[in-house]
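K.L.:
I have a structure here, written as structure tokens, and I will follow up with some questions on it.
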Amino acid sequence: MDERQLKDLLNNDVPATDGNARKRAVNLALAEFADAQKDSSKNFQGKGFWTRLTDRSNQTPRRDKMNSKLVYGGMATAMALILAVGATLPHMNNTATLRTGAIQNGASSAPGSMGLSKDKVEADASSTLAMAEMAKPMAAPAEAKKGDSFNSLLKNLKESQPAPAAPVMESMVMTGAANIAPAMPMGRMMVMDAMPQPGYHDVGRDKFEHVEDSPVKQVKAEPVSTFSIDVDTSSYSFIRKQLNSGVLPQKDAVRVEEMVNYFDYNYALPEDKAEPFKPSVTVTPSPWNEGHKLVHIGIKGYDIAATAKPRSNLVFLIDTSGSMNEQDKLPLLKNSFKMLLDSLKADDTVSIVTYAGNAGIALEPTKVSDKAKIIAALDSLGAGGGTAGAEGIRTAYQLAESNLDKNGVNRVILATDGDFNIGITDHNELKSFIERERASGVFLSVLGFGQGNYNDQMMQDLAQNGNGVAAYIDNLNEARKVLVQEASSTLFTIAKDVKIQVEFNPAMVSEYRLVGYETRALAKEDFNNDKVDAGDIGAGHAVTAIYDITPVGTAPSVDPSRYGASTSAAPARPEATALEYGFLKLRYKLPNGDTSKLITTPISVAGEKPLASTKCPAGAECLVADSFGASDDVRFSVAVAGFGQLLKGGKYTGKLSYDDVIVMAQGAKGDDPYGYRAEFINLVRLAKTMPALPNTEQ
Amino acid sequence: MPRHTDKMMQNLDDNQLVARACAGDSRAFEILVERHYDRMFRMAFKWCRNRESAEDITQNACIKLARAISSFKGRAAFTSWLYRLVINTAIDWQRQNVKPTEELGDETVAVPAGVEEKMIAEEGLAKVMALPEKEKTALLLVLGEGLSHKEVAVIMECKESTVSWYIFEARKKLGVKTDKKERHHG
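What follows is the structure in structure tokens.
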């Protein structure tokens, strides 16, 4: 076979398109388009399809959604640059390649041509027929823009790199019989080189794992939902940093559960101290879907009194690579650790390991009573060199083990801005190393700093496998929150491998959707398998999970089985069918235990409350004063969940708007001693005013 | 947005239509889909060599386009971007379906003269179908669609030399004699 034959082989016998198939495709696409428009009225940037298209090469730096404004600016520029002149010659069936000085013309005459563009389009339109007969300039102008947008366009033009070569324009003659635009030569322009490199934000280089939202599940098909709890908060701090610097966060950076769990909630504590926590279940109407309800599960771990705190053996593993040499990285990190020192007890030990090129011990295990020495060691740290995270981790674990306190807290606290780029770079190898070390009793917490190089996925993986917390520290305030205020929850685990399983009652609930926790889903058989690792709860930690459920229209009073799963004729729990939305099961292990314990509670109709203030409204008859609506904590967490979902694209949040979130959060602010909730409300305001796709100006 | 009559809309170029579609103009989107349906179908057919599958792939690609269009950033020509969409859809399809080589129907291979030639052609196509995804992509775009290596490099997000290498590999596997002139193409 030769070239020619192969070409024929590939190109021969391609059938003509079928009119019906085409019509169907167009209609389906249009329907989807209408849907997409509906979604995007909520949604600032549409689904990042480009990202999905490139998911096999996602490692390459991406200019992500938050840059769409800039990119669109670039696109407008490109349109101006494509003021190229394509000539369709008569009887030309083959590809014509014309080289033109289009770029230069386009750039130098841009103001004039921009003004003329509209007329040109219309002129073209009126002479469409003539086009096939005579060579005629085909204007491809950008939409005429006025005022600011025009100026920004000019600015873009000036900033754009001069193209190395004039674009090649090929006019192609379509062979399809049913070509809709027969008179319109298809201008295929490779304008890549003419594209300005949009000055994209550094954040585009931060790595986030892309995870699909948890889908809506049918109770009949899948009555059981299982997941591991997640006490990380890094997503919220990262988003806050982004919003404060004027960009919407990447959707993949948004993990709704981490946003919700960022805040402290005063859910009920267990009466019996033998249990580390108890779940509080509230059912409320859904604020984003009429008719839907939310099942709100709150867990609050007991706090350890300062005097009862176990001894801590901490190893600070500090990234001192060159990239840490920024104000919001190493300096912030040093100050954060100094704060942590203040909250430690005199006989706790601290050691410092650095990693940059060669892993080194900067401070041998030292009692906190010798604070001056620790601070001096911290201060002497400087940034430079590459990042050999794996070596550092090995050294850190060795130190922690050499000083292991069986009854105390042994923890490596890793502080870094991102990748481990020297040494073991294999993600999985590192993960399994940490997993093995976990068994020795040394846990790992991860503190993230800075942005631009931030490797969120790595941090998450490491912390999850090391029984630790991943937190993102963007300022001193956050350092104080994580390392001082919440030091006990960051450091002292009160229950590990906490898993939640909810079985929904098909007689009451037709569909459910877990809000967030996408990365924490477990198989239902993992629930009872104590070997399967799950999230941990620290002292005083509050964890919230929210299900969005669709109740069955009318609740049947009699049903063949409790949850329909059983095939036996006798109803397992007839009395429960109309009273329970589902059944909540919780498994956890005590910090040193290997076998799990079970806590169960039904999600009953009795736990249902309106999504309104707890104050009894005038005119309503309340049995107990001040317990009319769901608690402030419940309502506030729902508001945060709403905001998270909006940032993720608002796929499931119906008519919910930022304003709704603000109102809801305002009404549920409560005491807010540290102002975190007020700060949240400001963030929502920021997000609301943040520019969406600039397509409204067209 | 200036009001345009339908005829004027037909005369807008792809990027203009994309901009309008992104602003929510469904007519602009419709024109785009109709304008490119044939091209998409052709590519899909060449990929799977079966009319029904090609229609499915094209349809899915059109639906995907509805959401994806807002993420078209004009870094490459719209058609390049579209090729990519179709190919990715085709690859998804291929991964979900039985080996495409088994689906070779009669209508797909119709070499006019001689049974023997027909068999050779069928064999050749089977070999094309069996190529690794990237080599197949490069081959279909360069030889099938007549794009330059440079254009294909944009579509495949790789270096031009990588495209040339894919083509070289594909040719080797198909037993095609290398045409010297072609080697320097693009």
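Taken in sequence, the protein lines are chains A and B.
So for the first sequence, the numbering used here puts the first residue at 655; every next one is plus one.
So for the second sequence, the numbering used here puts the first residue at 24; every next one is plus one.
Glycine included, every Cβ here is placed at the ideal spot set by N, Cα and C.
The structure displayed is predicted, hence computed values, not measured ones.
#1: So does Ser1023(A) have its beta carbon nearer than 7 Å to some heavy atom of the ligand ADP?
#2: Could you tell me whether the Cβ atoms of Gly1194(A) and Ser1142(A) are closer together than 8 Å?
#3: Taking only beta-carbon atoms, is Asp61(B) less than 8 Å away from chain A?
#4: Can you tell me the Cα-Cα spacing of Phe917(A) and Ala1293(A), whole angstroms?
#5: Hey, Ile1028(A) and Val1004(A) are a contact pair by Cβ (cut 8 Å); roughly how many whole angstroms apart?
#6: Does the Cβ of Lys157(B) have 16 or more other Cβ atoms within 10 Å, making it buried, or fewer, making it exposed?
#7: Just to confirm the assignment, what range does the beta strand (DSSP E) spanning Asn1064(A) have?
#8: Taking the alpha helix (DSSP H) that Ser889(A) belongs to, which residues open and close that run?
#9: If contact is defined by three or more beta carbon pairs under 8 Å, each pair taking one atom from either stretch, is the stretch 1113-1121 of chain A in contact with the stretch 972-981 of chain A?
#10: Spatial neighbours of His946(A) within its chain, please: CB distance less than 7 Å, with the 5 preceding and 5 following residues excluded, ordered by chain position.
#11: Would you mind telling me which residues of chain B sit closer than 8 Å to Gln691(A), beta carbon to beta carbon, in chain order?
#12: How many angstroms separate the CA atom of Val1063(A) from the CA atom of Ile1154(A)?
#13: Thinking C-beta only, is His950(A) closer than 8 Å to Ser1311(A)?
#14: Against chain B, which members of the stretch 655-672 of chain A pass a CB distance test of less than 9 Å?
#15: Using the DSSP secondary-structure output, state which residues sit across from Glu1262(A) in a beta bridge.
#16: What first and last residue would you give for the beta strand (DSSP E) that runs through Val1123(A)?
#17: With burial defined as no fewer than 16 other Cβ atoms inside 10 Å of the residue's Cβ, what is the status of His864(A): buried or exposed?
#18: So with Cβ pairs under 8 Å, would you call Val680(A) a contact of chain B?
#19: So if I threshold CB-CB distances at 9 Å, which residues from the stretch 82-93 of chain B count as touching chain A?
#20: Kindly indicate if chain A contains any beta-carbon less than 8 Å away from that of Arg118(B).
#21: Can you give the Cα-Cα distance for Tyr1126(A) and Asp906(A), rounded to whole angstroms?
#22: For Asp683(A), would you say it is in contact with chain B, using Cβ-to-Cβ distances shorter than 8 Å as the test?
#23: Please report the residue range of the alpha helix (DSSP H) in which Val199(B) lies.
#24: Rounded to the nearest angstrom, what separates Ala642(A) and Arg90(B) at their Cα positions?
#25: Rank Tyr956(A), Trp942(A) and Thr938(A) by C-alpha distance to the C-alpha of Leu948(A) and give the top, closest one.
#26: In terms of residues, what are the limits of the beta strand (DSSP E) holding Tyr1166(A)?
#27: Considering only C-alpha positions, which residue in the set Ser899(A), Val668(A), Ala685(A) and Gly952(A) is nearest to Arg1289(A)?
#28: Verify the CB distance criterion: does Asp907(A) have a CB-CB separation below 8 Å to chain B?
#29: Please state whether DSSP places Arg1241(A) in a helix, a strand or coil.
#30: Does the stretch 1156-1171 of chain A come into contact with the stretch 895-905 of chain A, if we say contact requires no fewer than three beta-carbon pairs (one atom in each stretch) closer than 8 Å?
#31: Three or more beta-carbon pairs under 8 Å between the stretch 1337-1346 of chain A and the stretch 66-82 of chain B, yes or no?
#32: Looking only at DSSP bridge pairs, what is Ala1202(A) linked to?
#33: Going by DSSP, which residues form a beta bridge with Ile1253(A)?
#34: Is it right to say Ser1034(A) is buried, meaning 16 or more other beta carbons lie within 10 angstroms of its own, or is it exposed?
#35: Just tell me which of Pro964(A), Asp1059(A), Tyr956(A) and Gln1139(A) has its CA closest to the CA of Leu1130(A).
#36: By how many angstroms is the C-alpha of Leu148(B) removed from the C-alpha of Thr1198(A)?
P.N.:
Taking the definition as stated:
#1: No copy of the ligand ADP appears in this structure; indeed no ligand is present at all.
#2: Counted from its first residue, the first sequence places residue 1194(A) at position 540. Counted from its first residue, the first sequence places residue 1142(A) at position 488. Closer than 8 Å, so yes.
#3: Taking the second sequence and counting its residues from 1, one reaches residue 61(B) at position 38. Taking Cβ atoms only, chain A reaches closer than 8 Å to Asp61(B), which makes this a yes.
#4: Looking up residue 917(A) in the first sequence gives position 263. Looking up residue 1293(A) in the first sequence gives position 639. One C-alpha to the other measures close to 12 Å.
#5: Taking the first sequence and counting its residues from 1, one reaches residue 1028(A) at position 374. Taking the first sequence and counting its residues from 1, one reaches residue 1004(A) at position 350. Sure, about 5 Å apart at Cβ, within 8 Å.
#6: Along the second sequence, read from residue 1 onward, the residue named residue 157(B) stands at position 134. Flag for Lys157(B) reads buried.
#7: Translated into the one-based positions of the first sequence, residue 1064(A) becomes position 410. Unbroken beta strand (DSSP E) run through Asn1064(A): Val1063 to Thr1070.
#8: In the first sequence, counting from the first residue as 1, residue 889(A) sits at position 235. Ser888 to Asn898 is the span of the alpha helix (DSSP H), which, as asked, contains Ser889(A).
#9: no
#10: By 1-based counting over the first sequence, the position of residue 946(A) is 292. For His946(A), where only same-chain residues beyond five positions count, the Cβ hits under 7 Å are Ser940, Asp1202, Ile1203 and Thr1204.
#11: Residue mapping note: residue 691(A) aligns to position 37 of the first sequence, counting from 1. The contacting residues are Gly47 and Ser49.
#12: Residue 1063(A) sits at position 409 when you count from the first residue of the first sequence. Residue 1154(A) sits at position 500 when you count from the first residue of the first sequence. Cα-Cα distance, rounded: 25 Å.
#13: The sequence position of residue 1311(A) within the first sequence is 657, counting from 1. The sequence position of residue 950(A) within the first sequence is 296, counting from 1. Not a contact, by the Cβ cut-off of 8 Å.
#14: Met655, Asp656, Glu657, Arg658, Gln659, Leu660, Lys661, Asp662, Leu663, Leu664, Asn665, Asn666, Asp667, Val668, Pro669, Ala670, Thr671 and Asp672
#15: On the first sequence, residue 1262(A) is found 608 positions in, with the first residue counted as 1. The partner list for Glu1262(A) (beta bridge, DSSP) reads Val937(A).
#16: The sequence position of residue 1123(A) within the first sequence is 469, counting from 1. No beta strand (DSSP E) contains Val1123(A), which DSSP labels as neither H nor E.
#17: One-based indexing of the first sequence puts residue 864(A) at position 210. Result: exposed.
#18: For the purposes of this step, residue 680(A) is identified with residue 26 of the first sequence, where counting begins at 1. Yes, Val680(A) lies at the interface with chain B (some Cβ there is under 8 Å from its Cβ).
#19: Gln82, Asn83, Ala84, Cys85, Ile86, Lys87, Leu88, Ala89, Arg90, Ala91, Ile92 and Ser93
#20: Mapped onto the second sequence, residue 118(B) falls at position 95. No, Arg118(B) lies away from the interface with chain A (no Cβ there is under 8 Å from its Cβ).
#21: For the purposes of this step, residue 1126(A) is taken as the residue at position 472 of the first sequence. For the purposes of this step, residue 906(A) is taken as the residue at position 252 of the first sequence. Straight-line Cα distance between these residues: approximately 15 Å.
#22: The count along the first sequence starts at 1 and reaches residue 683(A) at position 29. A quick correction: the sequence has Ala, not Asp, at residue 683(A). So, interface residue.
#23: In the second sequence, residue 199(B) corresponds to position 176, counting from 1. Per DSSP, Val199(B) belongs to no alpha helix (DSSP H) and is neither H nor E.
#24: Because chain A is modelled from 655 through 1352, residue 642(A) falls outside the range shown and cannot be assessed.
#25: As a first step, residue 948(A) must be located in the first sequence, where it is residue number 294. Comparing Cα positions, the closest option is Thr938(A).
#26: The sequence position of residue 1166(A) within the first sequence is 512, counting from 1. Per DSSP, Tyr1166(A) belongs to the beta strand (DSSP E) from Val1163 to Val1169.
#27: Reading the first sequence from its first residue, position 635 is the one you call residue 1289(A). Of the listed residues, the one whose Cα sits closest to Arg1289(A) is Gly952(A).
#28: Position 253 of the first sequence, counted from the start, is the residue given in the question as residue 907(A). Before going further, note that residue 907(A) is Ala rather than Asp in the sequence given. Not an interface residue.
#29: The residue you call residue 1241(A) lines up with position 587 of the first sequence. DSSP places Arg1241(A) in strand when its eight states are reduced to three.
#30: no
#31: no
#32: As a position in the first sequence, residue 1202(A) is number 548, starting the count at 1. Position check: residue 1202(A) holds Asp in this sequence, whereas Ala was assumed. BP columns for Asp1202(A) point to Leu948(A) and Arg1167(A).
#33: Numbered from 1 along the first sequence, position 599 holds the residue referred to as residue 1253(A). DSSP output for Ile1253(A) lists Leu1240(A) as bridge partner(s).
#34: Indexing the first sequence from 1 puts residue 1034(A) at position 380. Classification for Ser1034(A): exposed.
#35: If you number the first sequence from 1, residue 1130(A) lands on position 476. Answer by Cα proximity: Gln1139(A).
#36: Along the first sequence, one-based indexing puts residue 1198(A) at 544. Along the second sequence, one-based indexing puts residue 148(B) at 125. Roughly 57 Å separates the two Cα atoms.
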